[in-house]
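Counting from 1, position 650 in the sequence shown corresponds to residue 650 in the UniProt record's numbering; the numbering is continuous, with no gaps.
Every residue, glycine too, gets a C-beta built ideally from N, C-alpha and C.
See below for the structure under consideration.
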Amino acid sequence: MRTKMKLLLVLLAAAVAGIALVLLAGVLDLRPAARAYTVEGPVRALRAPMAGPGGALAAVTPEMTEQEAAAALQTVVDGAVAAGANTLLFEVQSAEVAGVYYDDKEFAPVNSALDPLKTLCALAEQAGVQVIAVVEPFAAGPADKSTARGTLASDFYSETLRYDGGLWFNPLNVRCVDRLAAAYARLIRHYPVAGVVFSGLEFGAGSDALAQGLAVLGAKMEKAAGEKAVGLTFDSAAAPLTAAQTAALTAEGFDLLLPRGVDGAALQQWRDACPDARVLPCAPANDPGGFSALLRTLSLKNDLPGAVLGDLTAAMQNPADVGLMVSYFCEPVAVSSPGVSTALAASYPPDGSTVTSETVVILGTSDPTRPLTVSSGGSVLRAQGGSFAVEVPLQVGRNEFTLSQEGGGTAAVTVIRREPAAGGGGSGAPKPDTSLDGSLAGRYVEVTAQLASTLNDPGNDDAIAMTVKQGARISIQGTVETLRSGKITTAYLLSSGDYLLAGNAQLVEDDAPTTFSAPEQSVSGRGDLSLKLAGGTPMCYDDYRDGVLTLKFYDTALGFDVSALQNDFVAAAAAEPLDPEKDGGEGIKLSLEIAPGSHLWGYDVTYADGVTTLYLQKAPVLGTEPGRPLAGVTVLLDAGHGGSDTGAAGIGGATGTAEKDVNLALTLAARDRLEQLGATVLMTRTDDSFPTLQERWAMEQAERPDFFIALHHNSTGLTKDTAGAKGLEVYYFERISGSFARSLMDAVSSATGREPDEPKWNYFYVNRVTFAPSVLFEFGYLVNPDEFEDCVSEQGIRAAADGVAEGVLRSIPVA
Numbered sequence: 001m002r003t004k005m006k007l008l009l010v011l012l013a014a015a016v017a018g019i020a021l022v023l024l025a026g027v028l029d030l031r032p033a034a035r036a037y038t039v040e041g042p043v044r045a046l047r048a049p050m051a052g053p054g055g056a057l058a059a060v061t062p063e064m065t066e067q068e069a070a071a072a073l074q075t076v077v078d079g080a081v082a083a084g085a086n087t088l089l090f091e092v093q094s095a096e097v098a099g100v101y102y103d104d105k106e107f108a109p110v111n112s113a114l115d116p117l118k119t120l121c122a123l124a125e126q127a128g129v130q131v132i133a134v135v136e137p138f139a140a141g142p143a144d145k146s147t148a149r150g151t152l153a154s155d156f157y158s159e160t161l162r163y164d165g166g167l168w169f170n171p172l173n174v175r176c177v178d179r180l181a182a183a184y185a186r187l188i189r190h191y192p193v194a195g196v197v198f199s200g201l202e203f204g205a206g207s208d209a210l211a212q213g214l215a216v217l218g219a220k221m222e223k224a225a226g227e228k229a230v231g232l233t234f235d236s237a238a239a240p241l242t243a244a245q246t247a248a249l250t251a252e253g254f255d256l257l258l259p260r261g262v263d264g265a266a267l268q269q270w271r272d273a274c275p276d277a278r279v280l281p282c283a284p285a286n287d288p289g290g291f292s293a294l295l296r297t298l299s300l301k302n303d304l305p306g307a308v309l310g311d312l313t314a315a316m317q318n319p320a321d322v323g324l325m326v327s328y329f330c331e332p333v334a335v336s337s338p339g340v341s342t343a344l345a346a347s348y349p350p351d352g353s354t355v356t357s358e359t360v361v362i363l364g365t366s367d368p369t370r371p372l373t374v375s376s377g378g379s380v381l382r383a384q385g386g387s388f389a390v391e392v393p394l395q396v397g398r399n400e401f402t403l404s405q406e407g408g409g410t411a412a413v414t415v416i417r418r419e420p421a422a423g424g425g426g427s428g429a430p431k432p433d434t435s436l437d438g439s440l441a442g443r444y445v446e447v448t449a450q451l452a453s454t455l456n457d458p459g460n461d462d463a464i465a466m467t468v469k470q471g472a473r474i475s476i477q478g479t480v481e482t483l484r485s486g487k488i489t490t491a492y493l494l495s496s497g498d499y500l501l502a503g504n505a506q507l508v509e510d511d512a513p514t515t516f517s518a519p520e521q522s523v524s525g526r527g528d529l530s531l532k533l534a535g536g537t538p539m540c541y542d543d544y545r546d547g548v549l550t551l552k553f554y555d556t557a558l559g560f561d562v563s564a565l566q567n568d569f570v571a572a573a574a575a576e577p578l579d580p581e582k583d584g585g586e587g588i589k590l591s592l593e594i595a596p597g598s599h600l601w602g603y604d605v606t607y608a609d610g611v612t613t614l615y616l617q618k619a620p621v622l623g624t625e626p627g628r629p630l631a632g633v634t635v636l637l638d639a640g641h642g643g644s645d646t647g648a649a650g651i652g653g654a655t656g657t658a659e660k661d662v663n664l665a666l667t668l669a670a671r672d673r674l675e676q677l678g679a680t681v682l683m684t685r686t687d688d689s690f691p692t693l694q695e696r697w698a699m700e701q702a703e704r705p706d707f708f709i710a711l712h713h714n715s716t717g718l719t720k721d722t723a724g725a726k727g728l729e730v731y732y733f734e735r736i737s738g739s740f741a742r743s744l745m746d747a748v749s750s751a752t753g754r755e756p757d758e759p760k761w762n763y764f765y766v767n768r769v770t771f772a773p774s775v776l777f778e779f780g781y782l783v784n785p786d787e788f789e790d791c792v793s794e795q796g797i798r799a800a801a802d803g804v805a806e807g808v809l810r811s812i813p814v815a
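Here is the structure:
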């Protein structure tokens, strides 16, 4: 009997112990801790909210099956990988959504059959992406939704606060906060997340209660977190916590801060206030350009340990923005800086120069550690590195100036001033016969120059009516004389009513109008279209605006139905005779309506072997490779001047750092930066050679890049103080290049801090193309000591190269 009693007591004790163990497990949650999956290197994060902007991709609904939820979450992971992110900030609890995206007894799940956070962590790890769970720590759910029984929201419903459409737990409710702390400790312990970040702190902005509640949460989580991060994210400008409160929280377990909308100064203030925490900038919702500029600055300083690049949906809709941001995590491109000499030297004007001005500016270099004096007196404009400019007065005759530095030697320069030559009244100038000589009327001329202009006024190069290319033919009304550089020159009066200098063309014997035969069509690998029209090479006046390409061919007729010109680019084509009164002559006018969505980038009309070719170029598209948004884009860079052509006068003078050297250094850096972003970059020169303008234009014409940029630096008249000579300039010729000129100006100015200017029209030879945007950019004044030193510095060159790449990126249309 005693034996049976003992056995019964043992069994009863075991049962009691088992029940106690089960109860204890329910209280203590004895599930094993999950290791964190983390990535190495800088954090490149994207937010995936449950609701609101950017939340659609991350949404898991109550009706979803496990397979549907996994597919939705796979889209989230794929989007992050495509954008080049290595971290997902996955929101799992929000005041806007009833339920949470993870499994915990204190909260009702969005879908009781699923654990979205667990699924996402597994999918993300397979893709090499770490997950940080984001919770609104005091959020009880939407105010208009009922709470599930047995949850924290139900237990403390009567004590919740209402704010901005949501229910919020009271941070001063000790029992509630203790249970919250235990729940979030379980979250960080039992999921393979890299950390947990608290957001949605605005409801308690400025309240000590918020800081007290967060301190309790942080202390509890720190014990469970191990190596996992515990963080805060908030709007920097309207911070819900003071810097002092935030600093105090870093002592309570919070080791990651993600302030939104910071500039460089604000970021440094948070770093200074919280030295024991990682502080990573977080993109605001509506200023990707400004945030890119911040990342660029941090990258140039080698001070970019990570950043939150924005919302995932926005990143997928605007891949250029996030692609540019991701690229700043690459190593900055190497720069070969021409540098600044510290030897005392007068580089301009050349010793013994003769001028007629009353003053002249002496440019040069000096030892920046020693005072500089000039024998004539005057105020010396001097930069930090010793470069200087000083305006000096000139007497008629010989003027000698001595520059000196104590312990640094002297430099001398002599300038001879002569009185301007007295005007001769023009009596000796030849007088052209401007009357029309019609003896050649009806004959044809063919353009022999590579590139020429038809002019409204034969004596004015600015009066350009149309750019015409070698091989174009047109009938003439006769000839006139005009004055060029003091010499009488002949010009042809064309049937169009414009003039063509005779030196750019020749008379031809086969005087006959053109009849085009049906076009022969070919398509390149990237989708560009060529239409070859046999029958002749008539001069074309072209214009593209409002989606219609207009081509006026003089002395021409069509030998086919105009519908044959319709294709993937051209939705509709029409032909009508030229109006002699309006158009100046006879011929055919083609109106090609460009198809919406055809992505026409540009066009060209060329001539060869009796055939006229109409070329239609397809627009570039953004690449899909992470961090390389310019993959598939071709850019031709032209380093201005070279060889014996040293370029504009500057601080370096003829023997020091010349414009050609600065141009090449910047062009090489821009090439490397563009290639870093995935672009294919072509160069007109990579060394101290001198391609002619004709050779540069021919390369542009042959390669047909998506963008052409001629890179130069500026100068000005050196008879007055050069302090005001500063800033950027950009020039374009064809209308198609105007928007690119603006984008490039904005990007380079933002990157360098140099003063922007409005894009200007000019007829620089290399910019006279219509198939793609083509500009000439002046990156700064080499006669201004401060700007000269910035332009030749490693930091200045790298910043300008970044601006070039960003300007190109911003100019690619989004599909």
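Does the Cβ of residue i have 16 or more other Cβ atoms within 10 Å, making it buried, or fewer, making it exposed?
{"i": "Val197", "result": "buried"}
{"i": "Leu436", "result": "exposed"}
{"i": "Ser292", "result": "buried"}
{"i": "Gly547", "result": "exposed"}
{"i": "Thr686", "result": "exposed"}
{"i": "Thr434", "result": "exposed"}
{"i": "Cys121", "result": "buried"}
{"i": "Val808", "result": "buried"}
{"i": "Leu21", "result": "With a pLDDT of 39 at Leu21, under the threshold of 50, the predicted position of this residue should be treated as unreliable, though the coordinate-derived value follows. With fewer than 16 Cβ atoms within 10 Å of its Cβ, Leu21 is classed as exposed."}
{"i": "Val174", "result": "exposed"}
{"i": "Lys431", "result": "exposed"}
{"i": "Leu657", "result": "Here residue 657 is Thr; the residue named in the question, Leu, does not match the sequence. It counts as buried."}
{"i": "Gln130", "result": "buried"}
{"i": "Leu507", "result": "exposed"}
{"i": "Arg798", "result": "buried"}
Determine whether the beta carbon atoms of residue i and residue j lie at a separation below 8 Å.
{"i": "Phe569", "j": "Leu529", "result": "yes"}
{"i": "Ala383", "j": "Gly364", "result": "no"}
{"i": "Glu478", "j": "Leu440", "result": "Reading off the sequence shown, one finds Gly at residue 478, where the question assumed Glu. The answer is yes: Cβ separation under 8 Å."}
{"i": "Val340", "j": "Glu789", "result": "yes"}
{"i": "Val135", "j": "Val92", "result": "yes"}
{"i": "Leu46", "j": "Leu73", "result": "no"}
Among the options, which one has its Cα closest to the Cα of residue i?
{"i": "Lys760", "options": "Leu744, Phe771, Leu201, Thr770", "result": "Leu744"}
{"i": "His641", "options": "Leu728, Leu776, Arg526, Pro629", "result": "Leu776"}
{"i": "Phe771", "options": "Thr160, Pro577, Leu549, Ala108", "result": "Leu549"}
{"i": "Thr752", "options": "Glu806, Ala710, Ser774", "result": "Glu806"}
{"i": "Lys726", "options": "Arg754, Ala237, Ala69, Leu711", "result": "Arg754"}
{"i": "Ala225", "options": "Ile132, Val262, Leu304", "result": "Ile132"}
{"i": "Asp367", "options": "Tyr492, Thr612, Asp303, Leu403", "result": "Leu403"}
{"i": "Arg768", "options": "Ala710, Cys330, Asp351", "result": "Ala710"}
{"i": "Asp688", "options": "Arg704, Glu729, Gly724, Lys660", "result": "Lys660"}
{"i": "Thr692", "options": "Arg370, Thr655, Asp638", "result": "Asp638"}
{"i": "Glu400", "options": "Phe138, Gly407, Arg417, Gly408", "result": "Arg417"}
{"i": "Val523", "options": "Arg179, Gln617, Asp103", "result": "Gln617"}
{"i": "Leu451", "options": "Gln701, Phe138, Leu172", "result": "Gln701"}
{"i": "Val360", "options": "Pro393, Pro371, Leu381, Ser336", "result": "Pro393"}
{"i": "Thr634", "options": "Glu625, Asp604, Met683, Lys105", "result": "Met683"}
{"i": "Ser327", "options": "Ala343, Tyr554, Thr297, Ser207", "result": "Thr297"}
{"i": "Val333", "options": "Phe516, Gly623, Ala512, Gly796", "result": "Gly796"}
Sorry if obvious, but does the Cβ on residue i come closer than 7 Å to a heavy atom of the ligand GDP?
{"i": "Val792", "result": "Looking at this structure, you won't find the ligand GDP or any other ligand, since it has none at all."}
Continuous beta strand (DSSP E) assignments of at least 3 residues falling wholly in the segment 192-278 | The beta strand (DSSP E) runs lying completely inside the segment 192-278 and spanning 3 residues or more are 195-198, 229-235, 256-260, given in chain order.
Should the segment 61-71 be regarded as contacting the segment 104-122, the criterion being three or more beta carbon pairs within less than 8 Å? These segments touch.
(request) Entirely within the segment 371-438 and at least 3 residues each: give me those beta strand (DSSP E) ranges in chain order. (result) The qualifying runs are 380-382, 388-393, 397-405, 409-417.
Would you say the segment 239-250 touches the segment 200-219, given that touching needs at least three Cβ pairs under 8 Å?
Three or more beta-carbon pairs drawn from the segment 239-250 and the segment 200-219 are found closer than 8 Å, and the two stretches are therefore classed as touching.
Where are the alpha helix (DSSP H) runs, 4 residues long or more, that stay fully inside the segment 81-153, in chain order?
Runs of alpha helix (DSSP H) with 4 or more residues, each lying fully within the segment 81-153, are found at 116-126, listed in chain order.
Check your understanding: Given 8 Å as the limit, is there contact between the segment 588-608 and the segment 780-788, that is, 3 or more CB pairs closer than that?
Key -> The segment 588-608 vs the segment 780-788: no contact.
| Can you list, in chain order, the stretches of the alpha helix (DSSP H) that have 4 or more residues and sit fully within the segment 303-385? | Qualifying alpha helix (DSSP H) stretches, in chain order: 312-317, 319-327.
#### Entry: Every unbroken beta strand (DSSP E) within the segment 622-677, with a cutoff of 3 residues, ordered by chain
DSSP runs (the beta strand (DSSP E)) wholly in the segment 622-677: 634-639.
(request) Tell me, please, whether the segment 575-587 touches the segment 598-609 by the rule of three or more beta-carbon pairs shorter than 8 Å. (result) Counting C-beta pairs closer than 8 Å gives fewer than three between the segment 575-587 and the segment 598-609, which falls short of the contact rule.
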